[in-house]
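In what follows, a single structure is set out as structure tokens and then discussed.
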Amino acid sequence: MKPILMLAVSTIALALGAGAAYAECGIEAGSVRILSNDFEALRAINAAAQECASGTVTVTANATTEHKNLQVPALSINPAEYTVAVVANNSIVPLLNDDLIRPLDDLIAQYGQALQPSQLVKIDGNTMAIAFMGNGQHLFYRKDILEEAGIEPPKSYDDILAAAQIIRDKGLLEHPLGASVKPGWDLAAEFVNDYLGTGAEFFAPGSAELAIDNPEGRKVLEVMRAMTAFMDPDYLTYSADELIKEYEAGNIAIMVAWGSLAGAVLDDQGAAEGVVENTVLTAAPTINGGTIPAAALWWDGFTIAKNITDEDAAASFQAMVHGISPDMMNANKEAATWLIQGYEPGPAAIGVVDNANGGARPYPMQPYMGLLHTALSTELAEFIAGSEDAEQALADVKAAYDTAAKEAGFLQ
Amino acid sequence: MPNKTFFAFILPSLIAMVLFIALPIVSVVVQSLYVAHERVMVQVENCQPFGGCSTELRVDAAATAELQREQPLGRFNGLGTYFNRAHLATDELGAILSSDRSFDQKVAQIFNLPFYKALIFTLVYCFVVTPLAMALGFAIALAVNALPKVTKGPIIFFSLLPMIITPLIGSLILYWMLSPNGILGATIQHIFNDPTLSLRASPVLTWTALLVYGVWTNGPFSFVVFYAGLQTVPADTLESAMIDGASRWERIRYVIIPHLAPLATFVALVQLMDNFRVFEPIVGFSAEANATSLSYLIYNDLSGDAQQFGSAGATSVITIIGVVILLMPVLIRTWREFKLKAV
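Protein sequences appear in the order of chains A and B. Following this note's numbering, the numbering of the first sequence begins with 25 at its first residue and continues without gaps. Following this note's numbering, the numbering of the second sequence begins with 3 at its first residue and continues without gaps.
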């Protein structure tokens, strides 16, 4: 766009936005600077928050997948680079550890009438974040392939493995299963999901001592390895986004994938014929004879920085409340599983809702969970590639976690 | 040039080098000697949208900040970080070596330690890619030098492309071409008549792909330098060699290669340094499961959900030491030549 044209467009946008927004957001003055992850739902919220910009209020948003690396240094300085950090179960922890975000109870009392009690994330009695959407990995399957193979919809990992064998034996698909097990964050998330499903705890109660070297941990690894036998030989390179593409291409019959990507599967773009209408979303499978879906529940929410003026904090809170307003939610119903008042789950949200109703556990918020996630992401690589046994893999994870936890001051 | 003028001339660069190279390295070294403070933990009640409330441990930020104020760098750990499992792993190494396992098992156990797993790939990459890329660059330089003038320009441009392309983009392009749906991957499957053959699945093939990529991307640098060097080969020596009946190969072997030898030392130096910090192809090829490098370990320490600065600092210092050790033979040789000339 030519500079002049751009100027004209932004001026018009600003003028249009400002008039409407002042009345809606009710912010008198302040600076709102948002840092968030980058996916459809968050972009919609950022855009809605930016409607609050006016002559006296500036609203900027930086949506980036690198947000986790930016947030701690950006909020440590005074005044903080960003006034709002959009976080999830895991990314709020570094902000809490370093005391970089402020309690929101006063602001809620003043401006948060539209919020629901279930949206408040409370730490030690103080509300530290406002959650607005849920997310999680759940089951996607193709009902046409299952019908052709004469299989009942799978409920557990045992069902899935049996179904995969039948689908392969009948020659329907050579590699019917899918999961994002790319070494790195994805692989660790897969282990965490399955381990949560067993009902066991990651850490010894009241300490940072790792406790995954148990029958449940071994069972999880056994299932993960068994699944790979029915996956495309390239499974080591499948991240969550890559997996969705394979599924849309019609190469996968049953997979566990992110709820936030379900909308992209169900829309009319990019999928091979027959994929969209035959896709069924449901809760993640159970594992090890358990009863709850083997998947972590995630929330995404916003926090307000500590190192900013009270005026900016109030402006930021109001802008974000406007950002997650029911109007925004109604305009973007399919983008996420919203926790916002008045939300009716659409077809793309069924999986996450089923997970929650099935009693799935939230992703742990312990301060040392990030260290475990990092240890899992590197030390399970050889196991999932098939060059190491479960015993050795668990020992490696424990050794790597202990080393990191000692360096970080959580273990002696 | 008088010393004073010379000094004034390089002073700006000197200041920049101290500010942007020396000081950061010092800070990395200092950081690597420290680990985070012991965290003061408190039990608190956490309530989330899912799963209700539960009692969990949390870092007492105020108390930890107090410790931080007293000692901003953290706890002094000396060389502890260097010898822990994530780095040189001396304890683990000792246990493995003194155990009564077979030699193969011991080797497997050692390469199961993250540092040694990364080190072995880094070294293999260095010592396979550097000579092959130099040979490739030299061959291209000879070929281009023999071309007629008109075609030289475009061919030089095409030969330089691998160097012009950003390493991460270059590796991604090759990675996609090697995927089973890509042109190279599909061709390889067709040639070997094996529809399950995948370069991404086996460690050997992944290593091969990375090494081939390394040669491809590093070739042009050697080519440029050797091509420039070829222009300085004295024509009379070549002519007299021809009159003496030397074949093309003999001229290359006995005139050109000795002439370019000092240049080769320089290229080897730069390439070894470059290849020792191999990183982009591992990310580009999604090869984390089968190959990691020292630079990848640093990246992994800093990019996870929890950033480990001390650990990353220690790996960085070890990398610097590794580069110095690698360059030692070349440096000693250069020093000897320098002294020889001085005498």
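For each residue, glycine too, the CB sits at the ideal point set by N, CA and C. For clarity, every value in this text was computed on a predicted model and none was experimentally measured.
* Taking DSSP as the reference, what is the three-state secondary structure of A/D324? -> Reduced to three states, the DSSP call for A/D324 is strand.
* 6 Å CB neighbourhood of B/Y177 in its chain, flanking five on each side removed -> If we look at B/Y177 and ignore the five residues flanking it on each side, its Cβ neighbours are G286, F287.
* **Spatial neighbours of B/V46 in its chain, beta-carbon cut-off 6 Å, leaving aside the 5 residues before and after** => The beta carbon of B/V46 is closer than 6 Å to those of R60 in its chain, skipping five residues each way along the sequence.
* Asked: What residue range is occupied by the uninterrupted beta strand (DSSP E) comprising A/K146?
  -> 144 to 147 is the span of the beta strand (DSSP E), which, as asked, contains A/K146.
* **chain B contacts made by the segment 143 to 157 of chain A, where a contact means CB separation under 8 Å** => Residues passing the 8 Å Cβ filter: Q143, L144, V145, K146, I147, D148, G149, A155.
* To do: Give the residues of chain A in contact with B/L59, contact being defined as C-beta atoms less than 8 Å apart.
  => The answer, in chain order, is G230, S231, A232, Q390, P391.
* Asked: When burial is assigned at 16 or more other CB atoms within 10 Å of the CB, is B/V152 buried or exposed?
  -> Residue burial annotation: B/V152 is exposed, with fewer than 16 other C-beta atoms found within 10 angstroms of its C-beta.
* **Identity of the residue in B/T83, B/Q111, B/D106, B/G82 nearest B/G96 by Cα** => Answer by Cα proximity: B/Q111.
* What residue range is occupied by the uninterrupted beta strand (DSSP E) comprising B/L199? -> Judged by DSSP secondary structure, B/L199 falls outside any beta strand (DSSP E); it is assigned neither H nor E.
* Asked: How far does the alpha helix (DSSP H) with A/R249 in it reach, from first residue to last?
  -> Note, A/R249: alpha helix (DSSP H), 239 to 252.
* 7 Å CB neighbourhood of A/A104 in its chain, flanking five on each side removed -> Same-chain partners within the cutoff: A98, A329, N331, I332.
* **For B/E58, the first and last residue of its enclosing beta strand (DSSP E)** => Segment 54 to 61, the beta strand (DSSP E) holding B/E58.
* Asked: Is the beta carbon of A/A286 less than 8 Å from the beta carbon of A/G375?
  -> Against a cut-off of 8 Å, the Cβ pair of A/G375 and A/A286 comes out as a contact.
* Sequence-distant residues of its chain with Cβ nearer than 8 Å to B/L232 (five each side left out) -> Exclusion of the five residues before and after B/L232 leaves A143, L144, N147, I258, L262 as the residues of its chain whose Cβ lies within less than 8 Å of its Cβ.
* Asked: In chain order, what residues of the same chain lie with their CB nearer than 6 Å to the CB of B/R87, ignoring the 5 residues before and after it?
  -> In chain order, E94 place their CB closer than 6 Å to the CB of B/R87, counting only its own chain and leaving out the 5 sequence neighbours on each side.
* Which value, in whole angstroms, describes the spacing of the CA atoms of A/L400 and A/E412? -> When rounded, the distance between both Cα atoms is 14 Å.
* Asked: In terms of alpha-carbon separation, which member of A/V377, A/P388, A/I69 lies closest to A/A224?
  -> Answer by Cα proximity: A/P388.
* **Extent of the continuous beta strand (DSSP E) run through A/L59** => For A/L59, the enclosing beta strand (DSSP E) starts and ends at 54 to 60.
* So, is A/A424 buried or exposed, given that buried needs 16 or more other C-beta atoms within 10 angstroms? -> Classification of A/A424: buried, given that the 10 Å Cβ count is 16 or more.
* In three-state DSSP terms, what is B/R77? -> Strand.
* With distances taken from CA atoms, which of B/T168, B/V20, B/T124 is nearest B/Y298? -> Nearest option by C-alpha distance: B/T124.
* Neighbouring residues, chain B, relative to A/N331 (Cβ below 8 Å) -> The contacting residues do not exist; A/N331 stays about 13 Å from chain B at best.
* Taking only beta-carbon atoms, is A/F254 less than 8 Å away from chain B? -> False, the Cβ-Cβ gap to chain B never drops below 8 Å.
* Asked: Can you tell me the Cα-Cα spacing of A/F254 and A/G410, whole angstroms?
  -> Near 13 Å, if we compare the C-alpha coordinates of A/G410 and A/F254.
* Tell me the start and end of each unbroken alpha helix (DSSP H) in the segment 216 to 263 of chain B that is at least 4 residues and wholly inside, in chain order. => List check, alpha helix (DSSP H) in window: 237 to 245, 250 to 253.
* **Cβ pair A/A307, A/L170 closer than 8 Å** => No; because the gap between Cβ atoms is not below 8 Å, this pair is not in contact.
* To do: Output the boundary residues of the beta strand (DSSP E) element that contains A/L139.
  => Premise fails: A/L139 is in no beta strand (DSSP E) and is neither H nor E.
* Determine the direct distance from the alpha carbon of B/L21 to that of B/I322, and round the result to whole angstroms. => The alpha-carbon atoms of B/I322 and B/L21 are separated by roughly 18 Å.
* Could one say the Cβ of A/W362 lies closer than 8 Å to chain B's Cβ atoms, at least one of them? -> For A/W362, the answer is no, since every Cβ of chain B falls outside 8 Å of its Cβ.
* **Beta carbon proximity, A/E270 to chain B, threshold 8 Å** => In terms of beta-carbon proximity, A/E270 stays away from the interface with chain B, with every pair separated by 8 Å or more.
* **Chain-order list of residues whose beta-carbon lies under 6 Å from that of A/K357 (same chain, five-residue window excluded)** => For A/K357, where only same-chain residues beyond five positions count, the Cβ hits under 6 Å are G370.
* For A/L438, write down the residues that DSSP places opposite it in a beta bridge. => Here chain A comprises residues numbered 25 to 436, so residue 438 of chain A is not present and cannot be evaluated.
* **Chain-ordered chain A contacts of B/T182 [CB-CB under 9 Å]** => Residue identity differs from the one stated: residue 182 of chain B is Pro in this sequence, not Thr. Neighbourhood of B/P182 in chain A, by CB distance below 9 Å: D256, P257, D258, in chain order.
* Asked: Got a sec? Which residues, its chain only, sit under 7 Å from A/A343 by beta carbon, not counting five neighbours each side?
  -> Here the set comprises C49, I51, V56, A73, C76, V83.
* Mind reading off the beta-carbon distance from A/P309 to A/K179? Whole number of angstroms is fine, and I expect it under 8 Å. => Contact holds; Cβ gap of about 6 Å.
* Asked: Mind pulling the chain B residues with CB within less than 7 Å of A/K422?
  -> Among the residues of chain B, none has a CB under 7 Å from the CB of A/K422; the nearest is roughly 10 Å distant.
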